[in-house]
Amino acid sequence: MDTYQKPLISVVIPTYNHAPYLATAINSVIAQTYDNWELIISDNASTDNTKNILEHYQDNPKIKINFNSRNLGMFANLNLAIEHSSGDYIIILCSDDLLLPTCLETNLNLLEQYPEAKLGVGSFKLINYAGEYIPSNLVYFYEQIAGGSQVFSPQESLALLLQHGSINQGLTRIFFKKELYQQVGLFNESWRHAGDWEWVYRATRYSPIVISGTPVAAIRAHSGQQSGVNFQNLTTSLEVAEMVKILLADPDISQIDAANRWASHLMQFQLWHALKFAMKGNFAKALTVAKAVHQTTGLPNTIMAMISWLPERWQVYHHKIYPHA
Numbered sequence: 006m007d008t009y010q011k012p013l014i015s016v017v018i019p020t021y022n023h024a025p026y027l028a029t030a031i032n033s034v035i036a037q038t039y040d041n042w043e044l045i046i047s048d049n050a051s052t053d054n055t056k057n058i059l060e061h062y063q064d065n066p067k068i069k070i071n072f073n074s075r076n077l078g079m080f081a082n083l084n085l086a087i088e089h090s091s092g093d094y095i096i097i098l099c100s101d102d103l104l105l106p107t108c109l110e111t112n113l114n115l116l117e118q119y120p121e122a123k124l125g126v127g128s129f130k131l132i133n134y135a136g137e138y139i140p141s142n143l144v145y146f147y148e149q150i151a152g153g154s155q156v157f158s159p160q161e162s163l164a165l166l167l168q169h170g171s172i173n174q175g176l177t178r179i180f181f182k183k184e185l186y187q188q189v190g191l192f193n194e195s196w197r198h199a200g201d202w203e204w205v206y207r208a209t210r211y212s213p214i215v216i217s218g219t220p221v222a223a224i225r226a227h228s229g230q231q232s233g234v235n236f237q238n239l240t241t242s243l244e245v246a247e248m249v250k251i252l253l254a255d256p257d258i259s260q261i262d263a264a265n266r267w268a269s270h271l272m273q274f275q276l277w278h279a280l281k282f283a284m285k286g287n288f289a290k291a292l293t294v295a296k297a298v299h300q301t302t303g304l305p306n307t308i309m310a311m312i313s314w315l316p317e318r319w320q321v322y323h324h325k326i327y328p329h330a
């Protein structure tokens, strides 16, 4: 009688200057209920205490650690970590986040339940710098699935990526078959913020996506996370604009009547960023973002979207409710 061989899951952690949170991330992998895993950690030339922390795990045969001699950039470092992986499946874990104990088991069961899908994304909980759970409106998309799971065809996934933006909400929790990565190719190393969104977009060409309302990870919100740094460097708004352009140019998207409305809704958030830059006296940055918005969805349409969103914005920030776009 054949014995079921558990597939190897590679957990990849690209890290840079996250020493205060790194051990928690690593220990969350070690504590998984699913035991056939390997952990690939690639340090991107950190300047904090990261190396000393990683030295405590070097004797663990299931953990492989790579130290870059120079900073390669976030997505180049991620590609390098995946390159060192041997698993049938891969899951990405940012070094300031953590996996919930049943994450690997839940994700594997999900893709085995829906074999037509090679990519899965589960829900998450939000924590602060101290690891305390905090309310979040970011999980609204997953809550709509009411704790269940659903497979979306490539055409349906494309629509979701424009209607809701980056439906994976960051790198942590993206779970996929290694063969999908080999088909899709590398994460775009020239991007600094929306490279996950762009990669998932390309992945829809090769596979349906299964999305689950079951939380599988905890995402940490803190002042030092990369998204905040990217915002200051304009990359968030500029890459969102580029991604929206890519989606609007897609032949399947162009057939959707609501596409331009969805796009204007996404870009109105970037127009808010431009206003914030202007209020801080950063007029060059404000003008750069406003120009990107105009070239993507047009200022009149985006301003109208901004005005129509004002009542919902009040709900989001004061009542923690996230209505439909």
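In terms of our numbering, the sequence shown is residues 6 to 330.
We put the CB at the ideal spot given by N, CA and C, even for glycine.
{"Check": "Sequence-distant residues of the same chain with beta carbon closer than 6 Å to Ser-232, five excluded per side", "Outcome": "Low confidence applies to Ser-232: its pLDDT is 46, below 50, so where it sits in the model is not reliable enough to give any reading."}
{"Check": "Cα-Cα separation, Thr-111 to Val-221", "Outcome": "7 Å"}
{"Check": "First and last residue of the uninterrupted alpha helix (DSSP H) at His-265", "Outcome": "Reading off the sequence, residue 265 comes out as Asn, not His. It spans 264-284 - the alpha helix (DSSP H) in which Asn-265 sits, taken as one unbroken run."}
{"Check": "CA-to-CA distance, Thr-302 to Asn-97, given in whole angstroms", "Outcome": "Looking at the sequence shown, residue 97 is not Asn but Ile. Ile-97 and Thr-302: Cα-Cα distance of roughly 32 Å."}
{"Check": "Cβ pair Ser-51, Pro-19 closer than 8 Å", "Outcome": "no"}
{"Check": "Per-residue DSSP class, three states only, for Ala-122", "Outcome": "coil"}
{"Check": "Cβ separation of Glu-184 and Lys-250, assumed to be a contact under 8 Å, to the nearest whole Å", "Outcome": "About 29 Å separates the two Cβ atoms, so there is no contact after all."}
{"Check": "Cβ distance (whole Å) where Pro-12 is taken to contact Tyr-94 below 8 Å", "Outcome": "6 Å"}
{"Check": "Contact check, Ile-224 vs Asp-201, beta carbons under 8 Å", "Outcome": "no"}
{"Check": "Met-309 at chain B interface by Cβ criterion, 8 Å", "Outcome": "Among the protein chains of the structure shown there is no chain B, as only one such chain exists."}
{"Check": "Residue from Ser-141, Ser-90 and His-61 whose Cα sits closest to the Cα of Gln-187", "Outcome": "Ser-90"}
{"Check": "CB of Ala-199 within 8 Å of CB of Met-248, strictly", "Outcome": "yes"}
{"Check": "Residue nearest to Ser-158 in terms of C-alpha spacing, selected from Asn-54, Ile-172, Thr-209 and Gln-10", "Outcome": "Thr-209"}
{"Check": "Status (buried if at least 16 other CB within 10 Å, exposed otherwise) for Phe-146", "Outcome": "buried"}
{"Check": "Inside the stretch 186-260 only - beta strand (DSSP E) runs reaching at least 3 residues", "Outcome": "214-225"}
{"Check": "With 16 other Cβ atoms within 10 Å as the buried cut-off, status of Glu-88", "Outcome": "exposed"}
{"Check": "Enclosing beta strand (DSSP E) for Leu-44 [first to last residue]", "Outcome": "42-48"}
{"Check": "Minimum C-alpha distance to Pro-140 - residue among Gly-125, Asn-73 and Ala-226", "Outcome": "Ala-226"}
{"Check": "Same chain, Cβ closer than 6 Å to Ile-14, neighbours up to 5 away in sequence not counted", "Outcome": "Trp-42, Gly-92, Tyr-94 and Leu-109"}
{"Check": "Helix, strand or coil at Asn-32 according to DSSP, with G and I counted as helix", "Outcome": "helix"}
{"Check": "Start-to-end residues for the alpha helix (DSSP H) that takes in Ser-162", "Outcome": "159-168"}
{"Check": "Whole-angstrom distance between Ala-264 and Thr-177, CA atom to CA atom", "Outcome": "27 Å"}
{"Check": "Leu-85 and Asn-71 closer than 8 Å at C-beta", "Outcome": "yes"}
{"Check": "Span separating the alpha-carbon of Ala-268 from that of Ile-214", "Outcome": "21 Å"}
{"Check": "Reference Lys-56; option with closest CA among Leu-315, His-23 and Leu-276", "Outcome": "His-23"}
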